[in-house]
Amino acid sequence: MHADMAVDPDESRFDEGISLIKAGKIEEAIDIFSELVEKDDRNHKAWNAYGVALSQTIHKESAIHCFENALQLDPDNKIYQRNLNRTKNPPSKKTIRKKAELTPHKSGKRWIAPAVLLLLAGVAVLIVSGLVPGVSVSDQVRSLIPGSGPVEEVPVITPEPVITPEVTPEPTPEPTPVPTPLPEPETLFHFIDVSQGDAALIQSEGKNMLIDAGPKSSGPRLVEYLKRQNVTSLDYVVASHPFDDHIGGMVDVLKAFEVRTYVDNGMTHTSDLYKDVINAVISDQAVRMIVTAGMNIPFTNTTKVDIIGPHRLTGHQDTDSLVLRVTMNNVSVIFPGDSSEVRGPATILKLPDHGSDAGIGPIMNTRPEAVVISLASGNPFGYPRSATLTEIMKQGAQVFRTDVNGTIVIRTNGENWTAKTVR
1 MHADMAVDPD ESRFDEGISL IKAGKIEEAI DIFSELVEKD DRNHKAWNAY
51 GVALSQTIHK ESAIHCFENA LQLDPDNKIY QRNLNRTKNP PSKKTIRKKA
101 ELTPHKSGKR WIAPAVLLLL AGVAVLIVSG LVPGVSVSDQ VRSLIPGSGP
151 VEEVPVITPE PVITPEVTPE PTPEPTPVPT PLPEPETLFH FIDVSQGDAA
201 LIQSEGKNML IDAGPKSSGP RLVEYLKRQN VTSLDYVVAS HPFDDHIGGM
251 VDVLKAFEVR TYVDNGMTHT SDLYKDVINA VISDQAVRMI VTAGMNIPFT
301 NTTKVDIIGP HRLTGHQDTD SLVLRVTMNN VSVIFPGDSS EVRGPATILK
351 LPDHGSDAGI GPIMNTRPEA VVISLASGNP FGYPRSATLT EIMKQGAQVF
401 RTDVNGTIVI RTNGENWTAK TVR
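Counted from 1, the sequence shown has number 183 at position 183 by UniProt numbering; the numbering is strictly sequential.
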(Lines of atoms letter the chains of each structure in order from A and count residues from 1; the text may use other names and numbers.)
(Lines give C-alpha, C1' and ligand atoms only; values in the text may rest on other atoms or scores of the structure.)
Protein backbone atom coordinates (compact mmCIF):
# COMPACT_ATOMS: atom_id res chain seq x y z
CA MET A 1 0.00 0.00 0.00
CA HIS A 2 1.31 3.51 -0.93
CA ALA A 3 0.45 6.45 1.28
CA ASP A 4 -1.59 9.18 -0.49
CA MET A 5 0.54 12.22 -1.37
CA ALA A 6 -0.63 15.56 0.07
CA VAL A 7 -1.97 18.07 -2.48
CA ASP A 8 -0.35 21.55 -2.45
CA PRO A 9 -3.29 23.97 -1.95
CA ASP A 10 -1.42 26.78 -3.77
CA GLU A 11 -0.84 24.50 -6.76
CA SER A 12 -4.54 23.62 -6.78
CA ARG A 13 -5.47 27.32 -6.73
CA PHE A 14 -2.99 27.95 -9.56
CA ASP A 15 -4.59 25.20 -11.67
CA GLU A 16 -8.02 26.60 -10.87
CA GLY A 17 -6.91 30.05 -12.08
CA ILE A 18 -5.57 28.60 -15.34
CA SER A 19 -8.89 26.82 -15.92
CA LEU A 20 -10.75 30.10 -15.36
CA ILE A 21 -8.60 31.85 -17.98
CA LYS A 22 -9.37 29.10 -20.48
CA ALA A 23 -13.07 29.46 -19.66
CA GLY A 24 -12.91 33.23 -20.25
CA LYS A 25 -13.57 34.08 -16.58
CA ILE A 26 -10.75 36.61 -16.43
CA GLU A 27 -11.75 38.61 -13.34
CA GLU A 28 -12.09 35.46 -11.22
CA ALA A 29 -8.68 34.29 -12.44
CA ILE A 30 -7.15 37.68 -11.58
CA ASP A 31 -8.46 37.41 -8.02
CA ILE A 32 -6.80 34.00 -7.61
CA PHE A 33 -3.39 35.03 -8.98
CA SER A 34 -3.46 38.28 -7.01
CA GLU A 35 -4.04 36.21 -3.88
CA LEU A 36 -1.14 33.87 -4.76
CA VAL A 37 1.44 36.62 -5.39
CA GLU A 38 0.31 38.47 -2.27
CA LYS A 39 0.89 35.27 -0.30
CA ASP A 40 4.26 34.52 -1.93
CA ASP A 41 5.79 37.33 -3.99
CA ARG A 42 8.54 34.95 -5.23
CA ASN A 43 6.07 32.66 -7.01
CA HIS A 44 7.19 33.42 -10.57
CA LYS A 45 4.60 31.04 -12.09
CA ALA A 46 1.83 32.98 -10.36
CA TRP A 47 3.30 36.33 -11.48
CA ASN A 48 3.37 35.13 -15.09
CA ALA A 49 -0.20 33.79 -14.94
CA TYR A 50 -1.30 37.04 -13.26
CA GLY A 51 0.20 38.93 -16.20
CA VAL A 52 -1.51 36.65 -18.74
CA ALA A 53 -4.88 37.33 -17.11
CA LEU A 54 -4.31 41.11 -16.91
CA SER A 55 -3.21 41.21 -20.56
CA GLN A 56 -6.76 40.18 -21.51
CA THR A 57 -8.04 43.47 -19.98
CA ILE A 58 -7.25 47.15 -20.54
CA HIS A 59 -4.57 46.99 -17.83
CA LYS A 60 -1.60 46.29 -20.12
CA GLU A 61 0.86 48.26 -17.96
CA SER A 62 -0.01 46.14 -14.91
CA ALA A 63 0.44 42.99 -17.01
CA ILE A 64 3.90 44.21 -18.06
CA HIS A 65 4.75 44.77 -14.38
CA CYS A 66 3.75 41.16 -13.59
CA PHE A 67 5.84 39.69 -16.44
CA GLU A 68 8.82 41.79 -15.33
CA ASN A 69 8.47 40.41 -11.79
CA ALA A 70 8.32 36.86 -13.17
CA LEU A 71 11.48 37.46 -15.23
CA GLN A 72 13.35 38.91 -12.26
CA LEU A 73 12.68 35.66 -10.40
CA ASP A 74 13.40 33.38 -13.40
CA PRO A 75 15.52 35.41 -15.86
CA ASP A 76 16.13 32.53 -18.32
CA ASN A 77 12.47 31.66 -18.83
CA LYS A 78 11.79 32.25 -22.53
CA ILE A 79 8.01 31.99 -22.09
CA TYR A 80 8.01 34.88 -19.60
CA GLN A 81 10.20 36.92 -21.95
CA ARG A 82 7.93 36.19 -24.91
CA ASN A 83 4.81 37.18 -22.92
CA LEU A 84 6.49 40.44 -21.91
CA ASN A 85 7.53 41.24 -25.49
CA ARG A 86 4.08 40.48 -26.91
CA THR A 87 2.37 42.69 -24.34
CA LYS A 88 4.79 45.58 -24.89
CA ASN A 89 4.72 45.25 -28.69
CA PRO A 90 1.46 43.64 -29.84
CA PRO A 91 1.51 42.48 -33.50
CA SER A 92 0.05 45.04 -35.88
CA LYS A 93 -3.04 44.16 -37.89
CA LYS A 94 -2.41 43.67 -41.60
CA THR A 95 -4.53 45.58 -44.04
CA ILE A 96 -5.51 43.64 -47.16
CA ARG A 97 -5.96 45.88 -50.14
CA LYS A 98 -8.52 44.79 -52.70
CA LYS A 99 -7.25 44.98 -56.25
CA ALA A 100 -9.19 47.36 -58.38
CA GLU A 101 -11.22 45.55 -61.04
CA LEU A 102 -10.92 46.93 -64.50
CA THR A 103 -14.29 46.94 -66.27
CA PRO A 104 -13.90 46.90 -70.03
CA HIS A 105 -15.84 49.65 -71.80
CA LYS A 106 -17.39 48.82 -75.15
CA SER A 107 -17.41 51.57 -77.70
CA GLY A 108 -20.84 52.42 -79.10
CA LYS A 109 -19.40 53.82 -82.30
CA ARG A 110 -19.78 51.88 -85.59
CA TRP A 111 -16.74 50.96 -87.64
CA ILE A 112 -16.34 52.97 -90.85
CA ALA A 113 -15.41 50.97 -93.92
CA PRO A 114 -11.74 51.38 -94.82
CA ALA A 115 -12.63 52.47 -98.35
CA VAL A 116 -14.75 55.34 -97.10
CA LEU A 117 -11.97 56.44 -94.76
CA LEU A 118 -9.51 56.48 -97.61
CA LEU A 119 -11.95 58.44 -99.73
CA LEU A 120 -12.49 61.09 -97.07
CA ALA A 121 -8.76 61.36 -96.44
CA GLY A 122 -8.17 61.94 -100.14
CA VAL A 123 -10.83 64.61 -100.27
CA ALA A 124 -9.29 66.41 -97.34
CA VAL A 125 -5.82 66.40 -98.89
CA LEU A 126 -7.06 67.69 -102.22
CA ILE A 127 -9.22 70.40 -100.75
CA VAL A 128 -6.52 71.73 -98.51
CA SER A 129 -3.59 71.54 -100.90
CA GLY A 130 -5.38 72.22 -104.31
CA LEU A 131 -3.26 69.58 -106.10
CA VAL A 132 -5.34 69.71 -109.35
CA PRO A 133 -4.47 73.02 -111.01
CA GLY A 134 -7.07 75.03 -112.93
CA VAL A 135 -9.99 73.21 -111.36
CA SER A 136 -12.04 74.70 -108.51
CA VAL A 137 -11.99 72.96 -105.23
CA SER A 138 -15.73 72.26 -105.42
CA ASP A 139 -15.31 70.63 -108.87
CA GLN A 140 -12.44 68.52 -107.60
CA VAL A 141 -14.60 67.24 -104.74
CA ARG A 142 -17.50 66.53 -107.15
CA SER A 143 -15.20 64.53 -109.40
CA LEU A 144 -14.21 62.28 -106.51
CA ILE A 145 -17.81 61.41 -105.65
CA PRO A 146 -19.58 59.67 -108.56
CA GLY A 147 -23.18 60.77 -109.24
CA SER A 148 -22.87 64.06 -107.41
CA GLY A 149 -24.62 67.07 -108.98
CA PRO A 150 -23.33 70.59 -109.45
CA VAL A 151 -22.39 72.42 -106.33
CA GLU A 152 -24.46 75.55 -105.69
CA GLU A 153 -22.58 78.61 -104.63
CA VAL A 154 -23.83 79.76 -101.22
CA PRO A 155 -23.29 83.46 -100.54
CA VAL A 156 -21.25 84.24 -97.49
CA ILE A 157 -23.17 86.45 -95.06
CA THR A 158 -21.04 88.55 -92.80
CA PRO A 159 -22.89 89.04 -89.50
CA GLU A 160 -23.25 92.59 -88.33
CA PRO A 161 -21.43 93.30 -85.13
CA VAL A 162 -23.49 93.00 -81.99
CA ILE A 163 -23.27 96.10 -79.86
CA THR A 164 -23.41 95.36 -76.16
CA PRO A 165 -24.74 98.28 -74.15
CA GLU A 166 -22.29 99.65 -71.64
CA VAL A 167 -23.37 98.63 -68.13
CA THR A 168 -21.74 99.97 -65.01
CA PRO A 169 -21.23 96.98 -62.68
CA GLU A 170 -22.56 97.33 -59.18
CA PRO A 171 -19.81 97.30 -56.55
CA THR A 172 -19.33 93.94 -54.83
CA PRO A 173 -20.23 94.34 -51.17
CA GLU A 174 -17.34 93.71 -48.81
CA PRO A 175 -17.81 90.54 -46.75
CA THR A 176 -18.75 91.03 -43.13
CA PRO A 177 -15.73 90.09 -41.02
CA VAL A 178 -16.29 86.93 -38.96
CA PRO A 179 -14.81 87.22 -35.47
CA THR A 180 -12.13 84.64 -34.67
CA PRO A 181 -13.48 82.30 -31.99
CA LEU A 182 -11.63 82.42 -28.69
CA PRO A 183 -9.69 79.26 -27.84
CA GLU A 184 -11.56 76.87 -25.58
CA PRO A 185 -10.26 77.17 -22.00
CA GLU A 186 -8.28 74.16 -20.81
CA THR A 187 -6.52 73.01 -17.67
CA LEU A 188 -3.34 70.92 -17.76
CA PHE A 189 -2.20 68.56 -15.01
CA HIS A 190 1.46 67.48 -15.18
CA PHE A 191 2.26 64.50 -12.93
CA ILE A 192 6.03 64.89 -13.02
CA ASP A 193 8.41 61.94 -12.78
CA VAL A 194 10.54 62.80 -9.72
CA SER A 195 11.48 59.20 -8.83
CA GLN A 196 10.19 58.12 -5.37
CA GLY A 197 8.13 61.17 -4.52
CA ASP A 198 5.32 63.49 -5.64
CA ALA A 199 5.28 66.64 -7.78
CA ALA A 200 2.45 67.99 -9.94
CA LEU A 201 2.09 71.19 -11.98
CA ILE A 202 -1.37 72.62 -12.74
CA GLN A 203 -1.72 75.24 -15.51
CA SER A 204 -4.91 77.22 -16.17
CA GLU A 205 -5.56 80.63 -17.78
CA GLY A 206 -1.87 81.54 -17.67
CA LYS A 207 -1.50 80.70 -13.97
CA ASN A 208 0.71 78.01 -12.44
CA MET A 209 0.33 75.94 -9.28
CA LEU A 210 2.88 73.38 -8.04
CA ILE A 211 1.77 70.68 -5.59
CA ASP A 212 4.79 69.11 -3.82
CA ALA A 213 8.34 69.03 -5.17
CA GLY A 214 9.59 65.45 -4.87
CA PRO A 215 12.82 64.36 -3.12
CA LYS A 216 15.86 66.62 -2.84
CA SER A 217 17.77 64.66 -5.50
CA SER A 218 15.10 65.50 -8.10
CA GLY A 219 15.08 69.26 -7.46
CA PRO A 220 17.23 70.29 -10.47
CA ARG A 221 15.30 67.96 -12.79
CA LEU A 222 11.99 69.41 -11.54
CA VAL A 223 13.18 72.99 -12.14
CA GLU A 224 14.29 72.09 -15.67
CA TYR A 225 10.89 70.53 -16.46
CA LEU A 226 9.04 73.62 -15.20
CA LYS A 227 11.18 75.87 -17.40
CA ARG A 228 10.37 73.71 -20.44
CA GLN A 229 6.68 74.39 -19.74
CA ASN A 230 7.41 78.14 -20.00
CA VAL A 231 7.00 78.63 -16.25
CA THR A 232 8.65 81.87 -15.15
CA SER A 233 6.76 82.30 -11.86
CA LEU A 234 4.50 80.20 -9.65
CA ASP A 235 1.26 81.68 -8.34
CA TYR A 236 0.95 78.94 -5.70
CA VAL A 237 3.29 76.31 -4.30
CA VAL A 238 1.55 73.73 -2.10
CA ALA A 239 3.30 71.41 0.35
CA SER A 240 0.96 68.53 1.21
CA HIS A 241 3.10 67.63 4.27
CA PRO A 242 6.72 68.18 5.35
CA PHE A 243 8.23 64.81 4.35
CA ASP A 244 11.39 64.85 2.26
CA ASP A 245 9.79 62.98 -0.69
CA HIS A 246 7.27 65.84 -0.98
CA ILE A 247 9.26 68.99 -0.08
CA GLY A 248 12.80 67.84 -0.95
CA GLY A 249 12.98 69.91 -4.15
CA MET A 250 11.24 73.00 -2.69
CA VAL A 251 14.42 74.98 -2.02
CA ASP A 252 15.53 74.58 -5.65
CA VAL A 253 12.08 75.69 -6.84
CA LEU A 254 11.99 78.73 -4.53
CA LYS A 255 15.44 79.80 -5.71
CA ALA A 256 14.64 79.36 -9.42
CA PHE A 257 11.20 81.03 -9.59
CA GLU A 258 9.24 83.87 -8.06
CA VAL A 259 6.71 82.20 -5.76
CA ARG A 260 3.77 84.42 -4.83
CA THR A 261 2.01 82.19 -2.25
CA TYR A 262 3.27 79.17 -0.29
CA VAL A 263 0.48 76.92 1.03
CA ASP A 264 0.81 74.29 3.77
CA ASN A 265 -1.10 72.76 6.70
CA GLY A 266 0.84 74.69 9.37
CA MET A 267 2.50 71.58 10.78
CA THR A 268 6.12 72.07 11.82
CA HIS A 269 8.94 69.56 11.55
CA THR A 270 12.31 69.25 13.24
CA SER A 271 14.25 68.33 10.08
CA ASP A 272 16.87 70.66 8.63
CA LEU A 273 15.12 70.31 5.26
CA TYR A 274 11.88 71.76 6.65
CA LYS A 275 13.79 74.70 8.20
CA ASP A 276 15.58 75.35 4.89
CA VAL A 277 12.24 75.41 3.04
CA ILE A 278 10.65 77.90 5.45
CA ASN A 279 13.75 80.13 5.29
CA ALA A 280 13.58 80.02 1.47
CA VAL A 281 9.89 81.02 1.60
CA ILE A 282 10.82 84.04 3.73
CA SER A 283 13.76 84.93 1.45
CA ASP A 284 11.51 84.75 -1.62
CA GLN A 285 9.06 87.09 0.15
CA ALA A 286 6.23 84.68 -0.62
CA VAL A 287 2.96 84.95 1.28
CA ARG A 288 2.49 81.92 3.54
CA MET A 289 -1.09 80.59 3.54
CA ILE A 290 -2.06 77.95 6.15
CA VAL A 291 -5.23 76.07 5.15
CA THR A 292 -7.54 73.37 6.46
CA ALA A 293 -10.65 71.52 5.24
CA GLY A 294 -13.46 73.79 4.07
CA MET A 295 -11.16 76.47 2.67
CA ASN A 296 -10.26 77.09 -0.97
CA ILE A 297 -7.39 78.51 -2.99
CA PRO A 298 -8.47 81.28 -5.43
CA PHE A 299 -6.80 79.92 -8.56
CA THR A 300 -8.64 80.84 -11.83
CA ASN A 301 -12.16 81.59 -13.10
CA THR A 302 -12.53 78.17 -14.74
CA THR A 303 -10.63 76.00 -12.27
CA LYS A 304 -11.33 75.96 -8.54
CA VAL A 305 -9.22 74.39 -5.80
CA ASP A 306 -10.94 73.16 -2.62
CA ILE A 307 -9.24 71.89 0.53
CA ILE A 308 -11.15 68.76 1.59
CA GLY A 309 -8.77 67.53 4.30
CA PRO A 310 -7.65 67.40 7.02
CA HIS A 311 -10.39 68.72 9.28
CA ARG A 312 -7.93 68.83 12.18
CA LEU A 313 -4.29 67.98 12.78
CA THR A 314 -3.65 64.68 14.56
CA GLY A 315 0.14 64.75 14.75
CA HIS A 316 0.44 61.91 12.23
CA GLN A 317 2.27 63.24 9.18
CA ASP A 318 0.50 61.11 6.53
CA THR A 319 -3.00 61.57 7.96
CA ASP A 320 -2.42 65.31 8.30
CA SER A 321 -1.55 65.69 4.59
CA LEU A 322 -3.44 68.39 2.74
CA VAL A 323 -6.07 66.87 0.44
CA LEU A 324 -6.96 69.05 -2.57
CA ARG A 325 -9.77 68.66 -5.09
CA VAL A 326 -9.14 70.59 -8.31
CA THR A 327 -12.27 70.97 -10.44
CA MET A 328 -13.00 72.27 -13.93
CA ASN A 329 -16.73 71.89 -14.67
CA ASN A 330 -17.39 68.13 -14.70
CA VAL A 331 -13.79 66.94 -14.34
CA SER A 332 -12.17 66.74 -10.90
CA VAL A 333 -8.72 65.60 -9.76
CA ILE A 334 -7.89 64.74 -6.14
CA PHE A 335 -4.37 65.23 -4.72
CA PRO A 336 -4.27 63.55 -1.27
CA GLY A 337 -0.57 63.74 -0.40
CA ASP A 338 -0.04 60.53 1.60
CA SER A 339 -3.44 60.58 3.34
CA SER A 340 -5.72 57.56 3.16
CA GLU A 341 -8.65 59.67 4.47
CA VAL A 342 -10.05 60.53 1.06
CA ARG A 343 -13.67 60.80 -0.04
CA GLY A 344 -14.93 61.18 -3.58
CA PRO A 345 -16.15 61.32 -6.14
CA ALA A 346 -13.23 62.09 -8.46
CA THR A 347 -12.57 61.74 -12.16
CA ILE A 348 -8.84 61.23 -11.59
CA LEU A 349 -7.09 60.21 -8.36
CA LYS A 350 -3.42 60.80 -7.61
CA LEU A 351 -2.87 57.70 -5.47
CA PRO A 352 -1.63 58.44 -1.93
CA ASP A 353 1.63 57.00 -0.60
CA HIS A 354 3.04 55.89 -3.98
CA GLY A 355 1.02 52.70 -4.44
CA SER A 356 1.02 51.28 -0.92
CA ASP A 357 -2.02 49.57 0.60
CA ALA A 358 -3.05 53.02 1.89
CA GLY A 359 -4.44 53.67 -1.58
CA ILE A 360 -7.08 50.92 -1.48
CA GLY A 361 -9.62 52.91 0.57
CA PRO A 362 -9.35 56.09 -1.54
CA ILE A 363 -9.82 54.06 -4.73
CA MET A 364 -13.02 52.51 -3.35
CA ASN A 365 -14.28 55.86 -2.02
CA THR A 366 -13.64 57.95 -5.14
CA ARG A 367 -14.36 55.38 -7.91
CA PRO A 368 -12.14 57.25 -10.39
CA GLU A 369 -11.87 56.86 -14.16
CA ALA A 370 -8.07 56.98 -13.90
CA VAL A 371 -5.43 56.58 -11.19
CA VAL A 372 -1.94 58.11 -11.26
CA ILE A 373 0.85 56.50 -9.19
CA SER A 374 4.07 58.46 -8.62
CA LEU A 375 6.98 56.17 -7.68
CA ALA A 376 10.47 55.02 -8.59
CA SER A 377 11.22 51.94 -10.64
CA GLY A 378 12.62 49.13 -8.47
CA ASN A 379 11.85 51.00 -5.24
CA PRO A 380 12.74 49.14 -2.00
CA PHE A 381 9.14 49.13 -0.73
CA GLY A 382 7.68 46.79 -3.34
CA TYR A 383 5.28 49.51 -4.56
CA PRO A 384 2.79 49.40 -6.11
CA ARG A 385 1.31 46.61 -4.04
CA SER A 386 -0.59 43.84 -5.83
CA ALA A 387 -3.73 44.38 -3.75
CA THR A 388 -3.75 48.05 -4.73
CA LEU A 389 -3.44 47.26 -8.44
CA THR A 390 -6.19 44.66 -8.10
CA GLU A 391 -8.54 47.24 -6.55
CA ILE A 392 -7.82 49.66 -9.41
CA MET A 393 -8.67 46.92 -11.89
CA LYS A 394 -11.91 46.06 -10.05
CA GLN A 395 -13.00 49.68 -10.36
CA GLY A 396 -12.28 49.55 -14.11
CA ALA A 397 -9.97 52.57 -13.87
CA GLN A 398 -7.04 53.30 -16.15
CA VAL A 399 -3.68 53.32 -14.40
CA PHE A 400 -0.72 55.60 -15.16
CA ARG A 401 2.64 55.12 -13.42
CA THR A 402 5.65 57.42 -13.48
CA ASP A 403 8.01 54.43 -13.10
CA VAL A 404 6.58 52.95 -16.32
CA ASN A 405 5.22 55.92 -18.29
CA GLY A 406 7.43 58.77 -17.13
CA THR A 407 5.69 62.14 -16.72
CA ILE A 408 1.93 62.01 -17.37
CA VAL A 409 0.16 65.11 -18.76
CA ILE A 410 -3.64 65.20 -18.51
CA ARG A 411 -5.51 67.88 -20.47
CA THR A 412 -9.19 68.72 -19.91
CA ASN A 413 -11.79 71.19 -21.18
CA GLY A 414 -14.03 70.45 -18.21
CA GLU A 415 -16.10 67.83 -20.04
CA ASN A 416 -13.56 65.36 -21.43
CA TRP A 417 -9.93 64.58 -20.68
CA THR A 418 -6.96 63.10 -22.52
CA ALA A 419 -3.61 61.83 -21.29
CA LYS A 420 -0.17 61.63 -22.84
CA THR A 421 3.14 60.45 -21.44
CA VAL A 422 6.49 62.24 -21.67
CA ARG A 423 9.85 60.56 -21.23
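Every residue gets a Cβ at the ideal spot worked out from N, C-alpha and C, and that includes glycine.
Quick check on the DSSP output: the beta strand (DSSP E) that includes residue i runs from which residue to which?
i	result
Q398	398-401
G309	304-309
V422	417-422
V263	258-264
M295	It is not in any beta strand (DSSP E) - M295 carries neither H nor E in the DSSP assignment.
R343	Segment: none, R343 is in no beta strand (DSSP E) and carries neither H nor E.
V326	323-328
R288	287-290
A370	370-373
At the level of alpha carbons, what is the spacing between residue i and residue j?
i	j	result
A200	Y225	11 angstroms
V263	G378	32 angstroms
L351	I363	8 angstroms
I202	G406	17 angstroms
T261	A213	15 angstroms
S218	F335	20 angstroms
A376	P177	54 angstroms
E391	Q285	44 angstroms
A70	A46	8 angstroms
N43	N89	25 angstroms
A63	V409	22 angstroms
N208	T302	13 angstroms
M5	F14	With a pLDDT of only 46 at M5, under the threshold of 50, the placement of this residue in the model should not be trusted, and no figure is reported.
G414	M328	5 angstroms
N48	S332	35 angstroms
S19	N265	52 angstroms
D353	D403	14 angstroms
Q398	K60	10 angstroms
V37	T319	29 angstroms
H316	P183	45 angstroms
A280	T300	26 angstroms
I290	A23	56 angstroms
A293	R312	8 angstroms
V223	W417	26 angstroms
H190	S374	11 angstroms
I30	D193	29 angstroms
S195	G249	12 angstroms
R288	D40	48 angstroms
Going by the C-beta, is residue i closer than 7 angstroms to any heavy atom of the ligand GTP?
i	result
I363	Ligands are entirely absent from the displayed structure, and the ligand GTP is therefore not among its contents.
Report the CB separation of residue i from residue j in whole angstroms; it is logged as a contact under 8 angstroms.
i	j	result
V401	D357	In the sequence as presented, Val is not what sits at residue 401; that position holds Arg. Contact doesn't hold; Cβ gap of about 16 angstroms is too wide.
L324	I307	6 angstroms
T187	T412	6 angstroms
E257	L273	Residue identity differs from the one stated: residue 257 is Phe in this sequence, not Glu. Incorrect: roughly 19 angstroms between the Cβ atoms, too far for contact.
K275	D244	Contact doesn't hold; Cβ gap of about 13 angstroms is too wide.
G337	H269	Actually they do not touch by this definition, with Cβ atoms about 14 angstroms apart.
A53	I79	Not a contact, Cβ separation roughly 15 angstroms.
Quick one: using the 10 Å Cβ neighbour count with 16 as the cut-off for buried, is residue i buried or exposed?
i	result
E11	exposed
V326	buried
V259	buried
Q72	exposed
V305	buried
G309	buried
P242	buried
M267	buried
P9	exposed
L102	Here the model assigns L102 a pLDDT of 38, short of 50, so the residue's position is not dependable, and the following value carries that caveat. Answer is exposed; the Cβ neighbour count stays below 16.
N83	buried
D252	buried
P368	buried
R423	exposed
G197	buried
I282	exposed
G396	exposed
For the alpha helix (DSSP H) holding residue i, just list the boundary residues, first then last.
i	result
R86	78-88
S23	Contrary to the premise, residue 23 reads as Ala rather than Ser in this sequence. Per DSSP, A23 belongs to no alpha helix (DSSP H) and is neither H nor E.
V281	272-283
D244	244-247
D236	This sequence places Tyr at residue 236; Asp is not what is there. Taken as a continuous stretch (DSSP letters only), Y236 belongs to no alpha helix (DSSP H), being part of the beta strand (DSSP E) at 233-238.
V223	219-228
I408	No alpha helix (DSSP H) holds I408; the beta strand (DSSP E) holding it covers 407-412.
V52	44-54
F335	F335 -> not in any alpha helix (DSSP H); beta strand (DSSP E) instead, spanning 331-335.
M364	360-366
I392	386-394
A70	60-73
Whole beta strand (DSSP E) runs in the stretch 183-213 with 3 or more residues, listed along the chain? If we require 3 residues or more, the beta strand (DSSP E) runs fully inside the stretch 183-213 come out as 187-191, 199-204, 207-213.
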